[in-house]
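A.B. asks:
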Amino acid sequence: MVINYINLLLCGSMGYFHFRIFSANHAQFALFTILVFITTETLVMYFFIATGKSIKSLLKDHKNGKQLWEKIKLIKKDVFPHIMLTILLIGGLFIHGGAVDNRLPIAWLHGPLFIIAILHHSWSLIVKNHSFRNQIEIVSEMSKEIK
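Everything in the sequence shown is counted per UniProt numbering, starting at 1 for the first residue and increasing by one.
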C-alpha cells in the first residue's frame, strides 16, 4: 500500500516537473503505477473477502458467532466502498492522462483530479489500516475461545 503512495507521488511529480525515472517518461511510469496499483488494491480486497469467508465458516460453532459476523460485515461495508472509489479515481486519472496527452480542452482537470485521487487514497489507507486492525481483533477474540 505504501508503494502505491510512493508511485503515485512520483508519477504526479513527473507530470508536474517533467523528469524521468529509469528512462521512463510520465506516461510510461503511469502505466507501471496503474498496474501495480490495481494489483495491490485487488489483493487487499481479496484479503478481506477470503478471510471473511474463512471466519464465517469458523463462526458457525462459536458462541458469539452472530455478533462477530456482524462486526465482520461492518468492516466490509466500511472498507470496500473506499477501495472501489480509490480504484475508480486512480483509474480515471490514468485514463484522463490520454486526454492530457492529446491536448483536449478538458486536460486542465488532470491536476485537480490527481489531488482528489491522492487525498482519497490517503484516506483509504487510514480506513484499510483500521479495518485490518479490527479484523485481527475479531480473529484474536475467536482464538481466545477456541483455546
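Note that CB positions come from ideal geometry on N, CA and C, so glycine has one too. Values in this document were obtained by computation on a predicted structure and should not be read as measured data.
(1) Going by DSSP, name the residue or residues bridged to Ala-24.
(2) Taking Cβ to Cβ, would you say Gly-12 is nearer than 8 Å to Phe-114?
(3) Using a Cβ distance threshold of 8 Å, determine whether the segment 92–99 contacts the segment 27–37, with at least three qualifying pairs required.
(4) List the endpoints of the continuous alpha helix (DSSP H) containing Asp-61.
(5) For my contact list, Ile-38 and Ile-87 are in at a C-beta cut-off of 8 Å; report their separation, rounded to the angstrom.
(6) For Met-142, which three-state DSSP category applies?
(7) Just to confirm, are Phe-48 and Lys-77 a CB contact at a threshold of 8 Å?
(8) Is residue 156 helix, strand or coil when you go by DSSP?
(9) With H, G and I counted as helix, E and B as strand and the rest as coil, what does DSSP make of Asn-4?
(10) Would you say Ile-116 and Leu-89 are within 8 Å of each other, going by their C-beta atoms?
(11) Buried or exposed: which applies to Leu-8, given that a residue is buried once 16 or more other Cβ atoms fall within 10 Å of its Cβ?
(12) To the nearest angstrom, how far is the alpha carbon of Lys-63 from that of Lys-71?
C.D. replies: For this structure:
(1) In the sequence shown, residue 24 corresponds to position 24, counting from 1. Paired residues: Ile-21.
(2) In the sequence shown, counting from the first residue as 1, residue 12 sits at position 12. In the sequence shown, counting from the first residue as 1, residue 114 sits at position 114. Contact flag set, yes.
(3) Verdict: yes, contact present.
(4) The count along the sequence shown starts at 1 and reaches residue 61 at position 61. Segment: none, Asp-61 is in no alpha helix (DSSP H) and carries neither H nor E.
(5) Along the sequence shown, read from residue 1 onward, the residue named residue 38 stands at position 38. Along the sequence shown, read from residue 1 onward, the residue named residue 87 stands at position 87. The beta-carbon distance between Ile-38 and Ile-87, rounded to whole angstroms, is 7 Å. This is short enough to meet the 8 Å contact definition.
(6) As a working mapping, residue 142 is identified with position 142 in the sequence shown. For Met-142, the three-state secondary structure derived from DSSP is helix.
(7) By 1-based counting over the sequence shown, the position of residue 48 is 48. By 1-based counting over the sequence shown, the position of residue 77 is 77. Cβ distance not < 8 Å, so Phe-48 and Lys-77 don't count as in contact.
(8) With the chain represented from 1 up to 147, any question about residue 156 goes unanswered, as that position is not in the structure.
(9) As a working mapping, residue 4 is identified with position 4 in the sequence shown. In the structure shown, Asn-4 falls within a helical segment according to DSSP collapsed to helix, strand and coil.
(10) Counting from 1 along the sequence shown, the entry for residue 116 is found at position 116. Counting from 1 along the sequence shown, the entry for residue 89 is found at position 89. Yes; because the gap between Cβ atoms is below 8 Å, this pair is in contact.
(11) As a first step, residue 8 is located in the sequence shown; it is residue number 8 there, counting from the start. Leu-8 counts as buried, since no fewer than 16 other beta carbons sit within 10 angstroms of its beta carbon.
(12) On the sequence shown, residue 63 is found 63 positions in, with the first residue counted as 1. On the sequence shown, residue 71 is found 71 positions in, with the first residue counted as 1. The alpha-carbon atoms of Lys-63 and Lys-71 are separated by roughly 15 Å.
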